[in-house]
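The structure under discussion appears below in the form of structure tokens.
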Amino acid sequence: MTAIAIIVAGGRGSRARAIGPTPKQYAMLSGRPVLAYALQRFTEHPGIARVQVVIHPDDKALYEAAIAATAGAAAKLLAPVTGGDTRQISVRNGLEAIAHLSPGHVMIHDAARPFLDAGIIDRVLAALDTHAGAIAAQPLADTLKRSGGDGRTIAATIDRAGLWRAQTPQGFRYGDIREAHVRAAAQGRADFTDDAAIAEWAGLPVALVEGSERNFKITTAEDLVMAERILGERTETRIGTGFDVHRFTSGDHIWLCGVRIPHTHALEGHSDADVGLHALTDALLGAIGDGDIGQHFPPSDSRWKGAASHQFLADAADRVAARGGRIVNVDVTLLCEAPRVSPHRDAMRARIAAILGIAIERVGVKATTTEGLGFTGRREGMAAMASASVSLQVD
Ligand code: MG
Numbered sequence: 070m071t072a073i074a075i076i077v078a079g080g081r082g083s084r085a086r087a088i089g090p091t092p093k094q095y096a097m098l099s100g101r102p103v104l105a106y107a108l109q110r111f112t113e114h115p116g117i118a119r120v121q122v123v124i125h126p127d128d129k130a131l132y133e134a135a136i137a138a139t140a141g142a143a144a145k146l147l148a149p150v151t152g153g154d155t156r157q158i159s160v161r162n163g164l165e166a167i168a169h170l171s172p173g174h175v176m177i178h179d180a181a182r183p184f185l186d187a188g189i190i191d192r193v194l195a196a197l198d199t200h201a202g203a204i205a206a207q208p209l210a211d212t213l214k215r216s217g218g219d220g221r222t223i224a225a226t227i228d229r230a231g232l233w234r235a236q237t238p239q240g241f242r243y244g245d246i247r248e249a250h251v252r253a254a255a256q257g258r259a260d261f262t263d264d265a266a267i268a269e270w271a272g273l274p275v276a277l278v279e280g281s282e283r284n285f286k287i288t289t290a291e292d293l294v295m296a297e298r299i300l301g302e303r304t305e306t307r308i309g310t311g312f313d314v315h316r317f318t319s320g321d322h323i324w325l326c327g328v329r330i331p332h333t334h335a336l337e338g339h340s341d342a343d344v345g346l347h348a349l350t351d352a353l354l355g356a357i358g359d360g361d362i363g364q365h366f367p368p369s370d371s372r373w374k375g376a377a378s379h380q381f382l383a384d385a386a387d388r389v390a391a392r393g394g395r396i397v398n399v400d401v402t403l404l405c406e407a408p409r410v411s412p413h414r415d416a417m418r419a420r421i422a423a424i425l426g427i428a429i430e431r432v433g434v435k436a437t438t439t440e441g442l443g444f445t446g447r448r449e450g451m452a453a454m455a456s457a458s459v460s461l462q463v464d
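So the mapping is simple: my numbering equals the position in the sequence shown, first residue as 1, plus 69.
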């Protein structure tokens, strides 16, 4: 049955110790807005058909930035709808917005919980086979105290047996939860803090499924620091390599690592034949396991005839960014007898750094002859090899 995810991102976070002027769901977490993490989870999950985000009307630019930082989100993403003054109203707006899609199930999630995992989504979806609703929750580990009238002294210890902390996602049969929301609003009930409470009020049976300690809600600056630490533990470095060859033909200049260099010959190719940028583009694509330059920019496509190759490299950098990756360093080796590369080395490094948006000290360019051996030695063409390292978040 089709499930649509509603991500609630309309809040303003007026709580004490809030995180600066940016709403917490858009605070930067390891270089990406917090919302991007949950968005990625839902769009990647095969059980989720579409994703509806509910935003504050003032946050359109922040929302667009979060979308840009989420690889592959566009395919499942519905146009955002705006929320209301309370979470309850925002969820209801999200529910109304997807009515025309007649979803079987809906999963409602707080944008400020970036660390939900696919297993939680699986468990909530599975429980909906037998229940009208199901929520991720964790059994309470701390002993609970109730304070007395002064708010400072213990008046009682609460038995924690059977007590759970409610998380999101919270999944429901769409028709049931929508009707419950409509009825609650009609009866002037505006005090529900989660959707399970509305379901409970409406008499719907709601299952508890295992959430996770990591699936916490970012509310304070301290929470954001903890989230950064968790991501730091989940970072790994990926390496990619690339190799390319182009043949010399008649002409008076070549393009090499984005720099135009006068030469006795030109390089032949469908694009500008920049052998250095082609090898480097493949190295970046290799580091993120995203095919190769020929797949993304096929020579059979007339759009790329004579194209300047910086576009290919910029596209690879965008693909890295869309996965939340960071380019650590790149290195290019050019193989040729001529032209001499060293006079142009720093211009090439600067050009590559500018295209990739990284510092020049992260870019290496060097050249070698092949001692007169092989096709490069016979000056029939040039070759280039490249490597790239990318820092990526992993599960
Ligand atoms: Mg090439």
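Even glycine gets a Cβ: it sits at the ideal position worked out from N, Cα and C.
Could you give the C-beta distance for P408 and H332, rounded to a whole number, given that I count them as a contact under 8 Å?
-> The beta-carbon separation of P408 and H332, rounded to 5 Å, stays under the 8 Å limit for a contact.
Whole angstroms is fine: what's the gap from G426's alpha carbon to G173's?
-> Distance from the CA atom of G426 to the CA atom of G173, rounded to whole angstroms, is 44 Å.
Stretch-stretch touch, CB-based, cutoff 8 Å, three pairs: the region 323 to 338 with the region 402 to 417 = As far as the Cβ criterion goes, the region 323 to 338 touches the region 402 to 417, which means the pair count is three or higher.
If you draw a straight line from the C-alpha of A85 to the C-alpha of R182, how long is it?
-> For A85, the predicted structure reports a pLDDT of 45, less than 50, and the residue's modelled location is therefore unreliable. The matter cannot be settled from this model.
Through-space distance from V397 to S460, alpha-carbon basis | Those two C-alpha atoms are separated by around 6 Å.
Should K214 go down as buried or exposed, given a rule of 16 or more other Cβ atoms within 10 Å for buried?
-> Exposed, by the Cβ-count rule.
Would you check if the distance between the CB atom of Q236 and the CB atom of N284 is smaller than 8 Å?
-> Against a cut-off of 8 Å, the Cβ pair of N284 and Q236 comes out as a contact.
Write down every uninterrupted run of the alpha helix (DSSP H) in the region 345 to 417 whose length is 4 residues or greater and which is fully enclosed by it, in chain order.
-> DSSP runs (the alpha helix (DSSP H)) wholly in the region 345 to 417: 362 to 365, 379 to 391.
State yes or no: is the C-beta of D313 nearer than 7 Å to some heavy atom of the ligand MG?
-> Because some heavy atom of the ligand MG lies under 7 Å away, the Cβ of D313 counts as near it: yes.
How about H347: is its Cβ closer than 7 Å to a heavy atom in the ligand MG?
-> If you check the C-beta of H347 against the ligand MG, you find a heavy atom less than 7 Å away.
How many angstroms separate the CA atom of R372 from the CA atom of V328?
-> Near 22 Å, if we compare the C-alpha coordinates of V328 and R372.
Classification of G240 by the beta-carbon crowding that lies within 10 angstroms, buried from 16 upward | The residue is buried, with at least 16 neighbouring Cβ atoms inside 10 Å.
Proximity below 8 Å, CB of T155 to CB of A259 | A contact, by the Cβ cut-off of 8 Å.
V344 to L403, Cα distance in whole Å?
-> Each residue's alpha carbon lies about 8 Å from the other.
My understanding is that R447 touches V434, with C-beta atoms under 8 Å, so please give their C-beta distance in whole angstroms.
-> Cβ-Cβ separation between R447 and V434: approximately 24 Å, too far for a contact (criterion under 8 Å).
Please check the pair S340 and G311, which I expect to be a contact at CB under 8 Å, by giving their CB distance rounded to whole angstroms.
-> Actually they are not in contact, since the Cβ atoms of S340 and G311 sit about 15 Å apart, beyond 8 Å.
Using a threshold of 8 Å, state whether the C-beta atoms of I246 and L164 are closer than that.
-> Closer than 8 Å, so yes.
Just the Cα atoms here: how many angstroms apart are L104 and L346?
-> In this structure, the CA atom of L104 is about 33 Å from the CA atom of L346.
Three-state secondary structure (DSSP) at G100?
-> In this structure, G100 counts as coil in the three-state DSSP scheme.
Taking 7 Å as the cut-off, is the CB of G338 close to at least one heavy atom of the ligand MG?
-> Yes, since a heavy atom of the ligand MG falls inside the 7 Å radius drawn around the Cβ of G338.
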